[in-house]
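Working notes, beginning with the structure itself.
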Amino acid sequence: MKRKIAIISDIYGNSHALKAVLKDISRRKVEMIINLGDSVYGPLDPLGTIEILMSNEMIHIKGRLLYSKLLFLFWVDIELYKNKML
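The sequence shown begins at 1 in the UniProt record's numbering and counts up one residue at a time.
Here is the structure:
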């Protein structure tokens, strides 16, 4: 029995493209998604990308931009903290 697996990577915060890819994956009845990383850091919509990734079941592997992602997540925490202070 063959198992359909989708491999995604290099999303770079592009939530719109991610939605399109996940829609296509769903249409193809894929059983497992593996995300090879470099997902969040990018100029378009990193927070939206995080929300989409967290709401879909998949295996995540750290990309080469892990350090940048960690810096971004630290920045997000600071921004959320500042917004609560207002």
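For every residue, glycine included, the Cβ atom is placed at its ideal position computed from N, Cα and C.
Residue pairing for Ile7: DSSP places it in a beta bridge opposite Ile34. Annotated three-state conformation of Ile61 is coil, per DSSP. Closest option to Ile50, judged by alpha-carbon separation, among Lys4, Met58, Val40 and Leu44: Val40.
The C-beta separation of Asn35 from Met58 comes to about 5 Å, placing the pair in contact by the 8 Å criterion.
Secondary structure note for Gly48: its alpha helix (DSSP H) is the uninterrupted segment Pro46 to Met54.
Where Ser15 is concerned, the enclosing alpha helix (DSSP H) starts and stops at Ser15 to Arg27. Taking the Cα positions, Ile8 is about 23 Å away from Met1.
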